[in-house]
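Visitor: Chains as they are written, first to last, in the UniProt record's numbering: chain A, 1 to 811; chain B, 1 to 811.
First, the structure itself, so that you have it in front of you.
In C-alpha cells form, the structure reads like this:
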C-alpha cells in the first residue's frame with residue numbers, strides 16, 4: 001500500500017495522508033543548523049550538536065508518537081485545526097506533505113481555509129524559516145486567527161529531560177514586538193539565545209507553556225487556541241514556549257502570508273547585553289530582516305534548489321527504470337548527505353544525545369558523499385585521523401563540537417583503522433588530490449604529536465599486521481564492523497556495555513571479516529606507497545596482503561562459505577559446526593569484494609550459500625540460524641530476539657557488500673535483484689509492511705525469523721545509504737573513480753539495453769552512454785571519448801572543465 | 001483556595017478535584033518496591049532502584065503533565081472514561097482521591113457507574129496491588145467493559161529513553177491466562193521479569209502499545225477502548241504494554257471487584273526457564289495467589305494500617321491546633337519515611353535516573369526517621385560511613401544498589417563528614433545503642449581496610465581541623481551544605497558541573513557555615529569520647545570546638561550577622577561589603593543553633609537581621625539581595641533567576657534552622673511563627689499560589705524577588721522534612737532524645753496553655769503533659785514521672801516497656 005508518490009520533476013516525495021505507518025521525516029539544513037521535520041510538522045531543531053545545542057524540545061517514543069513540533073493552529077470561528085493534522089487531528093478536507101531537498105511543505109485545508117507551511121533552513125543561516133500562507137477558499141469573508149507554537153529546549157537535551165529540580169526554575173524569555181527571545185542561562189555562562197519572530201504585527205503572544213495549553217491539556221487542545229485569545233504570558237521558570245497570535249481577515253480567494261524565523265544567535269562576551277539583563281538583539285534582528293518579504297523566502301528556496309541541483313548533478317543517470325533513477329539521482333545521494341552531516345546522532349530513532357561521530361561510520365559515510373562536496377570530506381578525514389593513536393588504533397567515536405575522542409567508548413574496535421585507508425583513498429580517487437597525504441595530522445588530538453596522513457594510513461595498515469591471532473588472522477578486539485559480535489566481552493551483568501566491558505585477554509579471538517577488509521583496502525595502500533616512490537614499502541605491504549589472502553582461504557573458509565571468526569576459545573563462529581549462527585553475511589561480502597577465493601571458485605560457492613541460507617523476500621539476513629539463546633562468548637548479537645537487528649535481521653548496511661561481491665564474479669542479474677530488494681523506492685508499494693519512509697534506507701528490516709518480518713526500523717542514519725550508493729553507482733552501473741581517472745566497469749542485468757550517466761568528475765562533465773547490444777552483464781568491449789577510442793576502461797581526466805561524450809559498449 | 005481537605009481520622013488527604021494546581025502525588029511501598037501515584041492515577045513504579053529497575057514507563061515534563069500511569073478505562077455503551085479523570089478527561093459526576101499512608105484510593109463515577117481504584121504495595125511484597133471495584137449506581141442493568149493499562153519500561157529508565165535504535169527491537173512478552181509477563185532481555189543477562197495479572201478470567205488482552213492505542217492516538221483515546229474490543233496483540237519489539245479486557249454485567253446496586261497485581265520477580269539462574277524461551281512463572285504465581293480474594297486485600301490494608309500506626313505512635317501530639325497535630329502526627333513523619341527511602345531519587349521533580357544516596361542528605365534524612373525504625377537508620381549509617389575515605393572526607397553520593405561511592409561526583413564537599421557525627425549521635429540518643437560505635441566499617445567500601453565507626457567519627461571531626469584556611473575557619477571545598485555556593489569552581493563553560501569542576505586551589509575559601517556546624521555537632525563527639533573513657537581525646541576535641549567558636553566570632557561575624565564565607569580571593573561573602581548577597585540564612589541558623597554569640601548578644605542580633613532582611617510572608621529567603629548577575633567566584637548560586645532556588649528562594653530546608661536558633665534564645669513565638677509559614681498544612685488555603693501538595697514540604701518556595709512569589713517546587717524529596725520535624729518535635733515542642741534519656745525543653749508561643757505528647761522511647765511509653773500556667777515560652781519549672789518529681793529536665797529511661805505519666809510544668 002502506498003501513502004504518497006514520488007514527484008521526480010520537483011525532487012519531492014508527496015505524502016497524501018498524515019496517517020503514515022510511522023512519521024515520515026525530512027531534514028532541513030546542510031551546514032550548522034538542522035531541523036528534523038515529519039509529515040505532520042513534528043520534530044525539532046538544533047545548532048551543530050543535537051545534544052548540547054538543542055533549540056526546541058522533543059519527546060522521543062511519546063504517546064502519541066511524534067507529538068511536538070513547529071505547529072500553526074488555525075482558529076476559525078470556534079473551530080480550530082492544524083494543517084499537518086497533528087496535533088489537533090481535526091479531519092481535513094485536503095492534506096498534502098511534500099518533502100523536498102532541504103525543505104518540507106505541508107498543506108491542510110478545512111472548511112474553506114487553506115494553510116500552507118513551507119519550512120526550510122536557508123543556506124548560510126542559523127535558523128528555520130517557516131512561511132505560512134493562509135488562503136480563503138470559500139465564497140465568503142473569513143476572520144481567522146493563526147497561533148504559532150514551539151517549545152524551547154533548555155539547550156542541553158539530556159539535562160533538559162532529567163534535571164528537573166534545577167531546570168524548572170531557570171527558564172527565561174524576553175518579548176519585544178513580534179519576537180520571543182529564549183534566554184535561559186544566558187545570564188550565566190551561555191552566550192547564545194534563540195528567538196522566534198514573525199514579519200507582521202501580532203495580536204498577542206504566549207511564552208509560558210501552561211498558560212498557553214492549560215495544565216492538563218495536550219497539544220491537541222491548547223486553551224489559548226480554544227479561546228481564540230492569547231494570554232500574553234511571560235515565562236518564569238517551568239517551560240518556556242513561543243506562540244504568536246495573529247488575527248486575519250480574508251476576502252474570498254484572498255491569501256496572506258507570514259514569515260516566521262526560529263533562529264539561533266551567539267554573541268561575543270563583550271556584546272552580550274544591551275542593558276542590565278536585557279539581551280543584545282542586534283544579530284537576531286539582522287537574521288529577521290533577511291526574511292522580511294515573500295521574495296526573500298523565494299530567493300532562499302531558489303538558492304537551496306540551485307545548491308542541491310549542483311550537488312546532484314555530479315552523478316545523474318537516465319535509465320528505463322524510474323525507481324532506479326530516483327534513487328540514484330535524488331534520494332540516495334540526499335540521504336548520503338544527511339548521514340554525512342548527522343553521523344548517527346539525530347533521527348527519529350537516534351535521540352541526538354548519545355553517540356558522537358564514529359570513526360568507522362564517518363569513513364563509510366563519506367564514500368557516498370565525497371563526490372558532492374569533496375572539501376568537506378577532506379576536512380572530515382583529517383578530523384577522524386586526528387583521533388587515531390600512535391599504534392594505529394583509534395577512538396571509536398569523537399564529539400563533533402570538540403572533535404575530541406570519546407573516552408567512554410575508547411578504542412579497541414580492530415576494524416576501525418582500515419576504514420581510514422578506504423575513506424582517504426575514496427577522496428583521492430574522486431579528486432586526484434594526493435596532497436592530503438602530506439597533511440600533518442595529530443595523534444590523539446595532540447597538536448604537539450603529529451605525523452603525515454600517509455603515516456597515519458601506514459599505522460592503520462600495520463595495526464592489523466601487529467595484531468594477529470593464533471591462525472594469523474586479525475584479532476577482533478572489542479568488535480569489528482559488527483558492533484554486536486563481542487568475542488572478548490563476557491558480560492553477565494544487565495546494563496553493562498557489551499562493547500566496553502572487555503574482560504577477556506584479547507589475543508585469541510580473530511575476525512575473518514577484518515582479514516577480508518584488509519585484503520580489500522590493502523591494495524589502495526600499496527598504490528599510495530608506489531605513488532610516493534616507496535616501492536619497497538609497497539612490496540612489503542603487498543606481501544602482507546598476499547599472505548592474508550592465503551591465510552583467509554586456509555583458516556577462514558568453512559567448506560561452503562567464509563567463516564565469521566574464531567572466538568576466545570579458538571572455536572569457529574559462523575561454521576557448520578555451530579548449532580546456531582552457522583553462516584554470516586559479512587565475510588561472504590567483504591572477502592569476495594576483496595577477490596578472495598574468486599579464482600578457486602570459492603567466492604561463487606560462498607555467494608550461492610548466501611542465496612540459499614540468508615536471502616529472503618526482503619533482503620539478506622545477517623546470519624542463520626538466528627540465535628535463540630544468549631551466548632556469553634558472542635556478546636550482544638545473541639541478545640536480540642531472533643530476526644531483529646544483528647541477530648538475523650536484514651541489516652541493510654551489508655547487503656550491498658553482497659551486491660558488490662556478485663559484481664566481482666560477474667553476476668549482474670543477482671546484484672541488481674538484491675539491490676531492488678532493499679532500495680526504498682522499490683518498497684513503496686509495501687509501505688504498510690515496511691513502514692519506514694519509501695525514499696530513504698532504514699538500517700534494519702526484520703528478518704525471516706522475526707514476528708514482524710519485513711518491517712523496517714532505524715531509518716535515515718545508517719551506513720546503508722553510502723554503501724548502497726557505492727554498490728549501485730560504482731559496482732553495478734560501473735562508474736568508478738580511480739586514481740588516474742574514471743574507470744568504467746558495469747555489471748548489470750543481462751536484459752538491460754543500456755543507460756546514460758552524466759558524471760561531473762574533477763571539474764569535467766562526462767556524458768556517458770553505456771550500451772549493451774550483446775546483452776551481457778559484464779565486460780567492456782570498447783570506450784570512446786568524444787568519438788576517439790581509448791585503451792582499457794579508465795577514462796583519463798582532462799581536468800579542463802570541459803564536457804566529454806563517452807560511449808561505452810559492453811560485450 | 002483549597003482543592004481538598006484533611007481526613008485526620010483516616011490519616012488521609014482527600015482531593016475532590018482532579019484539576020489540582022499540579023499533580024498531587026503519594027508513595028506506595030516501604031521496603032523494596034515503590035510506586036509514585038498521583039491523584040489522577042499517574043506515575044510509575046520500580047524495584048529498589050528507580051533507574052535500573054524501572055517497572056513501568058513514565059515521561060517527565062510531558063504534555064499534558066502527568067500523562068501515564070496505572071489506568072482503568074471504563075467502556076459503557078460507547079462512552080468511555082477513567083475514574084481518575086486523566087487521561088480520558090471525560091467529565092465525572094463524582095471524583096475523589098484519598099492519599100493515605102502507603103495507599104491511594106481513587107473513585108470516579110459517571111452515568112450510573114462508579115469505579116474505585118485502590119492501590120497499594122503490601123508489606124513484604126514486590127509489587128503493586130490495584131483493587132478495582134465497579135458498581136452500578138443506576139436503576140438499570142449495566143453491561144460495561146473494563147480495560148486495564150500499564151506501559152512497561154525496559155528496565156533501565158535512562159537507556160529506555162535514549163537508546164531507541166536498540167530498544168525498539170528488544171521488547172518481549174508472554175501471555176498466559178489472565179497474566180501478561182514482561183520479559184525483555186530475560187533471554188540474556190536479566191534474571192527478572194514483571195507481570196500484570198487479574199484475579200478473573202479475561203475477555204481479551206493487549207500487549208503491544210500501538211495495537212492498543214493506535215499510532216496517532218493518545219492515552220485519552222485508545223482505539224481498543226473506543227472500539228470496546230481488545231485486539232489480543234502480542235508485542236514484538238516497539239513498546240510492550242499490558243492491558244486486560246473484562247466484560248462485566250451489573251444489576252442495579254450490584255458491584256464487582258477485580259484484583260490486579262503488577263509484580264516483579266527474580267529467578268535464580270538455574271530456575272530461569274520452564275521450557276526453551278518460556279519463563280518460569282512459579283514465583284509470579286505465588287504472588288498472584290496471595291491476592292486472590294478481596295479479603296486478601298483487606299488483610300493487606302489492615303497490615304499496612306497497623307504498620308503505620310505503629311510507626312506513628314512513637315510520637316503523637318494532642319494540641320489545640322489541628323494543623324500542628326496533623327503535621328506532627330501524620331504527614332511530617334510520613335514524608336520523613338519517604339525521604340529516608342528515596343533519598344533524592346524519584347519524585348515528580350527527581351527523575352529517578354540521576355542522583356544516588358547523598359552522604360549529607362541521608363544523614364539528615366535519618367534525623368527525622370530514626371525513631372520510627374532505628375534498625376534501618378543503623379544500617380544506613382553503616383552504609384554511609386563505608387563510603388568515607390581514610391582522611392575523613394567522603395564520597396558525596398553512593399548508589400543504593402551497589403552501595404559504592406559515586407565516582408562521577410567524587411568527594412570534596414567539606415561539610416559532609418560532620419553530618420555523620422550528627423546522624424550517628426541521633427541514632428544513639430534515640431536508642432541508647434552505643435554498640436554501633438564499635439562496628440567495623442570500611443573506608444572507601446574496601447572490606448580489607450576497616451576501622452570502628454567511632455574512628456570514622458574521629459576522622460570526620462579532624463577532617464575539619466586538618467582543613468582550615470587563612471582565618472582558621474574550615475575550608476569549604478567544592479561546596480558546603482549549599483551545593484550551589486561554589487567558591488573553588490570557576491566555571492565558564494555552559495553545561496559544566498559547578499560542583500565537580502574544581503579548578504581553583506582550594507586552600508583559601510572558607511565556610512562560616514561549616515564552622516557553625518562544627519561547633520553544633522562537636523559536643524556530641526566530645527560526649528562520645530567521654531563515654532568511651534577517652535577523656536584526653538574529649539578535652540582536646542573540646543579545645544578545638546572552643547577555638548572554632550572564638551574564630552567564628554572574630555572572623556565570621558559581620559557586625560549585624562554572621563558572614564557566609566570567604567571566597568577564593570579571601571573576600572567576604574554574605575557581608576555588608578557585598579553589592580548583592582549581603583546576608584545568607586545558613587550561618588545565622590547554624591551558628592546560633594551552636595550557641596555561638598548567644599552570650600554576646602550577637603545571636604539575637606543575627607536573628608533580628610534575618611527577620612528584617614530575609615523574612616517574607618512565605619518564609620525566609622536564602623540570601624538578600626538576590627544575585628542579578630553571574631559571579632564566577634560564587635558558582636551556581638548566581639545562575640538562578642532572582643528569587644528561585646538557592647538564589648534568594650525560600651529554601652525550606654534551612655528555615656527550621658532559624659526556628660531552632662530562635663528556640664536557643666528563647667523566642668518561642670518567633671519560632672512557631674516561622675514554622676507555620678512553611679508547614680504545608682498551614683498553606684492549604686493558598687494552594688492556588690503554593691501549588692504543591694498541602695500535606696508535604698517542598699524544597700523551595702519562590703522568594704520575594706521572584707515573578708511567581710510563593711509558588712513552591714520540588715515537593716517531597718527534601719531534607720526539609722527531617723529538619724522541620726526536628727525543629728517542631730524537639731526544639732519547639734521540646735521532646736529531645738538525649739544520651740541518658742528524654743530531655744524535655746520546650747520553646748513555644750507564650751499564649752499556649754499546654755499540650756500532651758505520647759512518646760515511645762526505647763520501648764517505654766511516655767505520656768507527657770506539658771502545662772504552661774505562667775504563659776512562658778521557655779523554661780521547665782518541674783517534671784514529675786508517675787507523680788514523682790525528678791531533678792533537671794532529662795527523664796530517665798526505665799526501658800521496661802512500661803507506660804509512664806510525665807507532667808511538665810513550664811515557668
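Ideal Cβ placement from N, Cα and C applies to all residues, glycine included.
Can a CB atom of chain A be found closer than 8 Å to the CB of residue 353(B)?
Guide: Your numbering for residue 353(B) matches position 353 in the second chain. At least one chain A Cβ lies under 8 Å of residue 353(B).
Visitor: Would the region 733-742 of chain A count as touching the region 711-719 of chain A if we require 3 or more Cβ pairs under 8 Å?
Guide: Contact fails: fewer than three Cβ-Cβ distances are below 8 Å.
Visitor: Would you call the CB atoms of residue 582(A) and residue 562(A) closer than 8 Å?
Guide: Taking the first residue of the first chain as position 1, residue 582(A) is located at position 582. Taking the first residue of the first chain as position 1, residue 562(A) is located at position 562. No, these two residues do not count as a Cβ contact at 8 Å.
Visitor: Bridge partners of residue 440(A), per DSSP?
Guide: Position 440 of the first chain, counted from the start, is the residue given in the question as residue 440(A). In DSSP, residue 440(A) forms a bridge with 452(A).
Visitor: Name the residue from 76(B), 10(B), 431(B), 176(B) whose alpha carbon lies nearest to the alpha carbon of residue 104(B).
Guide: Taking the first residue of the second chain as 1, we reach residue 104(B) at position 104. Answer by Cα proximity: 10(B).
Visitor: Please list, in chain order, the chain B residues whose beta carbon lies closer than 8 Å to that of residue 86(A).
Guide: Locating residue 86(A) in the first chain gives position 86, where the first residue counts as 1. The answer, in chain order, is 216.
Visitor: Report the residue ranges of all beta strand (DSSP E) runs contained in full by the region 3-39 of chain B; include only those spanning at least 3 residues, in chain order.
Guide: With a minimum length of 3 residues, the continuous beta strand (DSSP E) runs that stay inside the region 3-39 of chain B are 4-7, 12-15, 25-28, 33-38.
Visitor: What are the residues in the region 489-502 of chain A lying within 8 Å of chain B by C-beta distance?
Guide: Listed by position, the residues of the region 489-502 of chain A near chain B (Cβ gap below 8 Å) are 491, 492, 493, 494, 495, 496.
Visitor: Between which two residues does the beta strand (DSSP E) containing residue 256(A) stretch?
Guide: Counting from one through the first chain, the residue named residue 256(A) turns up at place 256. Element bounds for residue 256(A): 255-266.
Visitor: Using DSSP with H/G/I as helix, E/B as strand and the rest coil, what is residue 152(B)?
Guide: Locating residue 152(B) in the second chain gives position 152, where the first residue counts as 1. Residue state, collapsed to three classes: strand.
Visitor: Would you check if the distance between the CB atom of residue 722(A) and the CB atom of residue 368(A) is smaller than 8 Å?
Guide: Along the first chain, read from residue 1 onward, the residue named residue 722(A) stands at position 722. Along the first chain, read from residue 1 onward, the residue named residue 368(A) stands at position 368. For residue 722(A) and residue 368(A), yes; Cβs fall inside 8 Å.
Visitor: Can a CB atom of chain A be found closer than 8 Å to the CB of residue 620(B)?
Guide: Sequence index remark: in the second chain, residue 620(B) carries index 620 (1-based). No, residue 620(B) does not count as interfacial toward chain A.
Visitor: Where residue 107(A) and residue 227(A) are concerned, what is the direct C-alpha to C-alpha distance, given to the nearest angstrom?
Guide: Position 107 of the first chain, counted from the first residue, corresponds to residue 107(A). Position 227 of the first chain, counted from the first residue, corresponds to residue 227(A). Rounded to whole angstroms, residue 107(A) to residue 227(A) spans 24 Å at the Cα level.
Visitor: Determine, for residue 161(B), whether the minimum Cβ-Cβ distance to residues of chain A falls below 8 Å.
Guide: Here residue 161(B) refers to the residue found at position 161 of the second chain. So, interface residue.
Visitor: With 8 Å as the threshold, decide whether the Cβ of residue 77(B) is near any Cβ in chain A.
Guide: As a first step, residue 77(B) is located in the second chain; it is residue number 77 there, counting from the start. Judged by the 8 Å Cβ criterion, residue 77(B) is not in contact with chain A.
Visitor: Please look up how many angstroms separate the CB atoms of residue 485(A) and residue 565(A), rounded, as I've assumed it's under 8 Å.
Guide: On the first chain, residue 485(A) is found 485 positions in, with the first residue counted as 1. On the first chain, residue 565(A) is found 565 positions in, with the first residue counted as 1. The pair is a contact, with the Cβ atoms about 7 Å apart (cut-off 8 Å).
Visitor: So which residues of chain A does residue 270(B) contact, with C-beta pairs closer than 8 Å?
Guide: Looking up residue 270(B) in the second chain gives position 270. Ordered by position in chain A, no residue passes the 8 Å Cβ test against residue 270(B), which lies about 14 Å from the chain.
Visitor: Between residue 113(A) and residue 66(A), is the Cβ-Cβ spacing less than 8 Å?
Guide: Within the first chain, the letter at position 113 stands for residue 113(A). Within the first chain, the letter at position 66 stands for residue 66(A). No; because the gap between Cβ atoms is not below 8 Å, this pair is not in contact.
Visitor: Taking 8 Å as the threshold (C-beta atoms), are residue 243(A) and residue 814(A) in contact?
Guide: Because residue 814(A) is not part of the residues shown, which for chain A are 1 to 811, the question remains open.
Visitor: Helix or strand or just coil, what does DSSP make of residue 427(B)?
Guide: Position 427 of the second chain, counted from the start, is the residue given in the question as residue 427(B). It is helical.
Visitor: So that I know if they touch, is there some Cβ in chain B lying closer than 8 Å to that of residue 189(A)?
Guide: Numbered from 1 along the first chain, position 189 holds the residue referred to as residue 189(A). Yes - at least one Cβ of chain B is within 8 Å of the one on residue 189(A).
Visitor: What are the residues in the region 429-450 of chain B lying within 8 Å of chain A by C-beta distance?
Guide: Listed by position along the chain: nothing, the set is empty.
Visitor: Between the beta-carbon of residue 644(B) and the beta-carbon of residue 702(B), is there less than 8 Å?
Guide: The residue labelled residue 644(B) in the question sits at position 644 within the second chain. The residue labelled residue 702(B) in the question sits at position 702 within the second chain. Closer than 8 Å, so yes.
Visitor: Are the C-beta of residue 90(B) and some C-beta of chain A separated by less than 8 Å?
Guide: Start at 1 with the first residue of the second chain, and residue 90(B) comes out as number 90. No, no contact with chain A.
Visitor: Since residue 336(B) is in the alpha helix (DSSP H), which residue starts that stretch and which ends it?
Guide: Indexing the second chain from 1 puts residue 336(B) at position 336. Note, residue 336(B): alpha helix (DSSP H), 332-342.
Visitor: Measure the beta-carbon distance from residue 777(B) to residue 750(B) and round it to whole angstroms, keeping in mind my assumption that it falls under 8 Å.
Guide: Here residue 777(B) refers to the residue found at position 777 when the second chain is read from its first residue. Here residue 750(B) refers to the residue found at position 750 when the second chain is read from its first residue. Right, their Cβ atoms sit about 5 Å apart.
Visitor: Using only CA atoms, which one of 479(A), 299(A), 735(A), 372(A) lies nearest to residue 770(A)?
Guide: On the first chain, residue 770(A) is found 770 positions in, with the first residue counted as 1. The candidate whose alpha carbon is nearest that of residue 770(A) is 735(A).
Visitor: Let me know the secondary structure DSSP gives residue 170(A) once reduced to three states.
Guide: Against the first chain, residue 170(A) aligns to sequence position 170. Here residue 170(A) sits in coil by DSSP.
Visitor: Below 8 Å on C-beta distance, what does residue 350(B) contact in chain A?
Guide: Position 350 of the second chain holds residue 350(B). The contacting residues are 164, 165.
Visitor: Shortest alpha-carbon distance to residue 670(B) belongs to which of 547(B), 731(B), 411(B)?
Guide: For the purposes of this step, residue 670(B) is taken as the residue at position 670 of the second chain. Comparing Cα-Cα distances from residue 670(B) to each of 547(B), 731(B), 411(B), the minimum goes to 731(B).
Visitor: If you measure from the CB of residue 731(A), is any heavy atom of the ligand ZN nearer than 7 Å?
Guide: In the structure on display, the ligand ZN does not appear, and there are no ligands present to speak of.
Visitor: For residue 170(A), return the contacting residues in chain B, with the cut-off set at a CB-CB distance below 8 Å.
Guide: What you label residue 170(A) is simply residue 170 of the first chain in a count that begins at 1. Under the 8 Å cutoff, chain B gives 639, 640, 641, 644.
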